[in-house]
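Residue numbers (the numbering used here): -5 to 246.
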């Protein structure tokens, strides 16, 4: 009968000791496991404190870009060239990258009233990994709802742990704000793990929107950039697209 009491007292004493080290716990039983931990791996600060991931860097065709702003509000912040800090919202490579990124996403961004305060907030509905892409695209006036009126999605292969990528196919109905998609016919849009996607690529787009052959040397530079960003504790995604022509190369 005295055992539960002794265990509770011991765990309570452990909680007091942990509090002195600035460690807070909701459940007293967690102190035993947490107290014996030697290494704790955590995600980036914003993800922990706010539950939000944001896009802060881009690399397009050998050029680096910074994305400012916090949270999911697309009206704050902008996309600028890292070298010089000039506005990059009109750069062909930036618009193509974010355009294909949101065309290969299912996340929507809308303003909704907070149920507690009534204050209007920007809320993404969908995959948390896609939300940063949708927000960044909205900063340069690219919205999935608008693009879908010109580029109809006709096929989708969801992300899988084995393929490490997601793919969508759009059919061009009329001209859009994106210059890199097929003028007629179909375009495939892919996002996922850089090493898996790079293995399938034969060309790349420069910062001004020009398409060049992707040789081994250039591919190595891109993979070195992926490693550089990963070392900064950033999650890195690659975006790619391909023109498929009028007829799909598979049975729809």
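Beta carbons are placed, not taken as given, at the ideal position from N, Cα and C, and that holds for glycine.
Bear in mind the structure is a predicted one, so any value in this text is a computation, not a measurement.
- Is the region -5 to 2 touching the region 12 to 19 in the sense that three or more CB pairs, one from each, lie closer than 8 Å? no
- Task: Going by DSSP, name the residue or residues bridged to residue 54.
- Result: Stepping through the chain shown from its first residue, residue 54 is reached at position 60. DSSP, once it has assigned bridges, lists 57 as partnering residue 54.
- Query: If you count every other CB in all the chains shown that lies within 10 Å of the CB of residue 209, and 16 or more means buried, which is it?
  - Reply: The residue given as residue 209 occupies position 215 in the chain shown. Exposed is the call here.
- Item | residue 175 versus residue 226 - alpha carbon distance | Here the question's residue 175 lines up with position 181 in the chain shown. Here the question's residue 226 lines up with position 232 in the chain shown. The straight-line gap from Cα to Cα measures roughly 32 Å.
- Message: On the criterion of 16 or more Cβ atoms from any shown chain inside 10 Å, does residue 89 qualify as buried, or is it exposed?
- Response: The sequence position of residue 89 within the chain shown is 95, counting from 1. It counts as buried.
- Query: For the alpha helix (DSSP H) that residue 162 lies in, which residues bound it at each end?
  - Reply: Against the chain shown, residue 162 aligns to sequence position 168. Not the alpha helix (DSSP H): residue 162 falls in the beta strand (DSSP E), residues 159 to 166.
- Item | Outcome for residue 85 when other beta-carbon atoms lying within 10 angstroms are tallied against a minimum of 16 | The count along the chain shown starts at 1 and reaches residue 85 at position 91. By the 10 Å Cβ count, residue 85 comes out buried.
- Item | Boundaries (first-last residue) of the beta strand (DSSP E) holding residue 205 | The residue given as residue 205 occupies position 211 in the chain shown. Looking at the DSSP string, the run of the beta strand (DSSP E) that includes residue 205 is 205 to 207.
- Decide yes or no for the touch test of the region 133 to 143 against the region 57 to 73: beta carbon pairs closer than 8 Å, at least 3 of them. yes
- Message: For a test of the three-state rule: what should DSSP assign to residue 189, helix, strand or coil?
- Response: Within the chain shown, residue 189 is the residue found at index 195, counting from 1. Residue 189 falls in the helix class under three-state DSSP.
- Query: Nearest-angstrom Cα distance between residue 230 and residue 128?
  - Reply: Position 236 of the chain shown, counted from the start, is the residue given in the question as residue 230. Position 134 of the chain shown, counted from the start, is the residue given in the question as residue 128. The straight-line gap from Cα to Cα measures roughly 15 Å.
- Kindly indicate which residue of 223, 233, 221 has the alpha-carbon position closest to the one of residue 199. For the purposes of this step, residue 199 is taken as the residue at position 205 of the chain shown. Out of 223, 233, 221, 233 has the C-alpha closest to the C-alpha of residue 199.
- Please work out which residues of its chain come closer than 6 Å, Cβ to Cβ, to residue 150, disregarding the five sequence neighbours upstream and downstream, and give them in chain order. Locating residue 150 in the chain shown gives position 156, where the first residue counts as 1. Excluding sequence neighbours, residue 150 sits near 162.
- Query: Would you report the Cα separation of residue 78 and residue 64, rounded to the nearest angstrom?
  - Reply: Taking the chain shown and counting its residues from 1, the one referred to as residue 78 is at position 84. Taking the chain shown and counting its residues from 1, the one referred to as residue 64 is at position 70. Between residue 78 and residue 64, the C-alpha separation is close to 22 Å.
- Item | residue 35 burial status per 10 Å Cβ neighbour count (16 or more: buried) | Start at 1 with the first residue of the chain shown, and residue 35 comes out as number 41. The residue is exposed, with fewer than 16 neighbouring Cβ atoms inside 10 Å.
- Message: Considering just the uninterrupted stretch of the beta strand (DSSP E) at residue 119, what are its terminal residues?
- Response: Position 125 of the chain shown, counted from the first residue, corresponds to residue 119. Unbroken beta strand (DSSP E) run through residue 119: 114 to 119.
- Please classify residue 3: is it buried, with 16 or more other beta-carbons within 10 angstroms of its beta-carbon, or exposed? Taking the chain shown and counting its residues from 1, the one referred to as residue 3 is at position 9. Residue 3 comes out exposed.
- Take every Cβ of the region 152 to 171, pair it with every Cβ of the region 188 to 206, and state whether three or more of those distances are shorter than 8 Å. yes
- Query: Should the region 217 to 226 be regarded as contacting the region 97 to 115, the criterion being three or more beta carbon pairs within less than 8 Å?
  - Reply: no
- Message: Measuring alpha carbon to alpha carbon, tell me which residue in 147, 170, 48 is nearest residue 125.
- Response: By one-based count along the chain shown, residue 125 stands at place 131. Residue 125 has its Cα closest to that of 48, out of 147, 170, 48.
- Where does residue 217 land, buried or exposed, given buried means 16+ other C-beta within 10 angstroms? Here residue 217 corresponds to residue number 223 of the chain shown, with the count starting at 1. The residue in question, residue 217, is exposed, as its Cβ has fewer than 16 Cβ neighbours within 10 Å.
- Query: Given a threshold of 16 other Cβ atoms within 10 Å of its Cβ, counted over all protein chains shown, does residue 133 qualify as buried or as exposed?
  - Reply: Here residue 133 refers to the residue found at position 139 when the chain shown is read from its first residue. Result: buried.
- Message: Quick check on residue 249: does DSSP put it in helix, strand or coil?
- Response: Look at the range of the chain in this structure, -5 to 246, and you will see that residue 249 is not part of it.
- Query: Going by DSSP, which residues form a beta bridge with residue 46?
  - Reply: Mapped onto the chain shown, residue 46 falls at position 52. The partner list for residue 46 (beta bridge, DSSP) is empty, contrary to what the question assumes.
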